[in-house]
Amino acid sequence: LWVSGAGGAANGFNVTSTQNPSIYLFREDVTPPPSTATVFTTGYNWKGVAKINNSPLYNIGTQAKTTTTNINDFTTTIPVGNGMLVFDRGDNTTTAGRTVAPFNNVNSVTVTAVGQLNTGNITVIPWYTGTPGFTYTPGSVSADPNIKLIHGFALVGNPYPATINWERYNNTNAPANAITGTVGNTIYEYNPATKQYGTYTSFNSTSNAERPSGANFTNGGTNFIASGMGFFVVATAAGQTLTFTEDAKVTTNGNATWLKVFMGKPKETAEQPVPYIRLKLIADSVNNDDIVISFNNKANDKFVQDEDVIDIGGNGAAESLSSFSTDSVKLAVNMLPLPGKQQKTISLLTDAPASGSYQLTVPELGDMPKLYTLWLKDAFTADSVELKPNTTYPFTIDKSNAATFGSKRFTLVIRQDSAYAYKLLDFAATKTNYRTDVQLVWKTQNEGNNTRFTVERSTNNGRRFEVIGSQTSTGTGNYSLVDKHPDRGQNLYRLKQVDLNDSVTYSKLVRVQFSDRGNSVWDRLSI
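Numbering-wise, the sequence shown is residues 31 to 557 according to this note's numbering.
Laid out in structure tokens, this is it:
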């Protein structure tokens with residue numbers, strides 16, 4: 031591998047015209063610049079490896095803590111479980127095109143690590159502290175909430191010669207305690223093909239599949255972390271830890287095609303547990319950025335750690351797409367409650383370094399109820415389009431006109447369509463063939479799969495009701511339940527319905543009369 035760094039050959043590197051480092055480590059405790067645009071590029075928090083021929087050889091030199099100049103002022107080792115950023119110039123057996131224009135002569139390289147395999151429990155030790163526990167610098171350097179939230183990021187890596195499954199992080203299901211710690215549930219994985227960061231948030235699934243949910247990843251983020259793959263975790267306070275164990279390993283690898291660029295691309299697998307919208311900003315056939323807006327009625331419209339995922343941007347990406355929480359935090363995954371009878375408006379950010387033609391698309395609508403319509407509003411053109419039937423919206427960015435990009439142009443509006451409002455068509459109760467039980471049936475329309483049904487019974491003429499059974503809607507429109515213990519005398523039944531808006535309604539009362547049911551088995555079976 032062609033490796034460059036400060037001092038060139040004198041410090042153990044190939045000689046280049048610039049001598050810029052091509053291997054970088056990351057340290058959170060450096061004050062970031064006043065813009066999130068450069069936090070996760072090769073500056074500020076990234077510290078280049080500045081010397082690799084120390085004695086012993088495993089001691090390396092790094093750039094100065096408070097600058098990005100090629101000054102070797104810190105000598106360290108790289109403990110197990112740390113990650114690094116590598117700029118690939120290709121094989122070091124040839125020099126043509128490696129460091130000068132047109133930079134088009136990069137060939138494939140296999141990097142081989144030699145040494146003892148890691149086994150057992152491994153607790154991550156940051157390279158710049160030498161002790162377990164991540165640092166966390168309070169975000170007081172800027173009023174920008176996105177700046178405040180970037181603190182606590184740490185670049186770690188899979189320490190084993192096997193794929194590990196991030197779904198096993200703090201998962202109490204078998205195998206328990208496979209990966210443990212106090213950092214957040216979200217990881218960030220860099221995709222050099224698109225120059226974007228993919229995100230994946232664990233939700234403690236018992237599935238061993240890759241990406242078992244469609245609502246908790248962006249830009250191809252995956253729970254399958256291949257051997258040799260680095261990724262970011264996020265600490266929310268100083269001293270938080272991360273420990274890997276042998277039970278983190280899985281025998282399945284990610285998609286082989288994407289292993290070459292991302293070390294694992296998710297495949298479409300299982301059911302979608304929550305409604306979500308995936309939006310994608312496309313620059314061309316290679317470059318794109320996507321975000322997810324997912325819905326949970328227990329969620330908060332404001333930013334909540336481990337519920338939402340902040341957007342850290344790309345690294346030289348050709349485009350940028352984000353949504354905003356109501357407290358103006360830029361997000362890659364935005365979880366919020368489903369809109370009630372009042373529509374919900376979500377601000378979007380669309381940007382790119384160059385003027386040109388772009389597309390906003392909706393590649394996925396996961397489990398979105400028919401009740402909702404989705405509208406994209408364009409403030410620059412004073413236009414709006416319904417996204418369900420029109421999943422692609424072309425537009426132009428003009429970098430000389432601020433109104434064509436940024437956070438003021440596009441908003442997503444979600445509202446209910448009264449034509450698809452939930453309706454109860456019928457609720458009936460009848461005695462069964464043996465005349466000992468009561469069969470309750472009901473028919474609905476537009477209930478989607480988020481309505482909850484509860485059957486209640488009263489034996490004192492409606493003065494008090496008790497629950498005899500409940501069901502969650504399946505979208506079929508036909509439901510039934512058997513009351514195996516009706517009372518002698520009059521039984522009044524009603525159906526309690528809780529819809530997407532958490533609105534509670536009750537059906538009409540239906541009556542079933544038993545003159546004498548008896549208590550013996552013979553009495554219960556007699557006609």
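In this text, a Cβ means the ideal position worked out from N, Cα and C, and glycines have one as well.
Provide the residue span of the beta strand (DSSP E) that contains residue i, from first to last.
{"i": "G396", "result": "386-396"}
{"i": "Q543", "result": "540-544"}
{"i": "G260", "result": "260-264"}
{"i": "R558", "result": "Any answer about residue 558 is impossible in this case: the structure gives the chain only from 31 up to 557."}
{"i": "S500", "result": "496-502"}
{"i": "A459", "result": "453-461"}
{"i": "Q475", "result": "468-475"}
{"i": "T231", "result": "226-231"}
{"i": "M365", "result": "360-366"}
With distance defined between alpha-carbon atoms, name the residue in the options nearest to residue i.
{"i": "Q372", "options": "V359, R445, S352", "result": "R445"}
{"i": "A313", "options": "K374, P424, V144, R518", "result": "P424"}
{"i": "Y306", "options": "M365, Q146, S510", "result": "M365"}
{"i": "P393", "options": "Y464, K360, I217, I321", "result": "I321"}
{"i": "T411", "options": "I427, K418, T466", "result": "I427"}
{"i": "T391", "options": "N420, S377, D381", "result": "N420"}
{"i": "N221", "options": "V528, G344, L55, L311", "result": "G344"}
{"i": "T123", "options": "K438, W32, G346", "result": "W32"}
{"i": "N476", "options": "A267, D447, A184, I323", "result": "D447"}
{"i": "A192", "options": "V528, A278, A458", "result": "A278"}
Is the beta carbon of residue i less than 9 Å from the beta carbon of residue j?
{"i": "G150", "j": "N137", "result": "no"}
{"i": "K272", "j": "V186", "result": "Looking at the sequence shown, residue 272 is not Lys but Leu. Closer than 9 Å, so yes."}
{"i": "N44", "j": "N83", "result": "no"}
{"i": "N188", "j": "N234", "result": "no"}
{"i": "G228", "j": "V304", "result": "no"}
{"i": "T167", "j": "G182", "result": "yes"}
{"i": "D513", "j": "V468", "result": "yes"}
{"i": "N249", "j": "W196", "result": "no"}
{"i": "L401", "j": "A451", "result": "yes"}
{"i": "V334", "j": "V363", "result": "no"}
{"i": "P156", "j": "R57", "result": "yes"}
{"i": "S503", "j": "T484", "result": "no"}
{"i": "S537", "j": "L525", "result": "yes"}
{"i": "D532", "j": "G370", "result": "yes"}
{"i": "G436", "j": "L361", "result": "no"}
List the DSSP bridge partners of residue i.
{"i": "T441", "result": "S377, K407"}
{"i": "T92", "result": "V79, F104"}
{"i": "R524", "result": "E486"}
{"i": "S352", "result": "L379"}
{"i": "G244", "result": "Per DSSP, none; premise fails for G244."}
{"i": "P424", "result": "Q389"}
{"i": "V304", "result": "V304 is not bridged to any residue."}
Does the Cβ of residue i have 16 or more other Cβ atoms within 10 Å, making it buried, or fewer, making it exposed?
{"i": "A208", "result": "buried"}
{"i": "K297", "result": "In this predicted model, K297 has a pLDDT of only 32, less than 50, meaning its place in the structure is not dependable; the value taken from the coordinates is given anyway. Exposed."}
{"i": "Q543", "result": "exposed"}
{"i": "L87", "result": "exposed"}
{"i": "E301", "result": "Residue confidence is low: E301 scores 39 on pLDDT, short of 50, so the model does not pin down where it sits. Its coordinate-derived value is still stated next. Result: exposed."}
{"i": "Y218", "result": "buried"}
{"i": "V551", "result": "The predicted model places V551 with a pLDDT of 37, which falls under 50 and marks its position as unreliable, so this point remains unresolved."}
{"i": "K290", "result": "With a pLDDT of 44 at K290, under the threshold of 50, the modelled position of that residue is not reliable, and the figure given next carries that caveat. K290 is exposed by the Cβ-count criterion."}
{"i": "F292", "result": "Bear in mind that a pLDDT of 42 at F292, under 50, signals an unreliable position, so the model cannot answer this."}
{"i": "L442", "result": "buried"}
{"i": "S324", "result": "buried"}
{"i": "K295", "result": "Its pLDDT being 31, under 50, K295 is placed unreliably in this model, and the value from its coordinates should be taken loosely. So K295 ends up on the buried side."}
Please report whether the beta-carbon of residue i lies at a distance below 9 Å from any beta-carbon of chain B.
{"i": "F133", "result": "Of the protein chains in this structure there is only one, and it is not chain B."}
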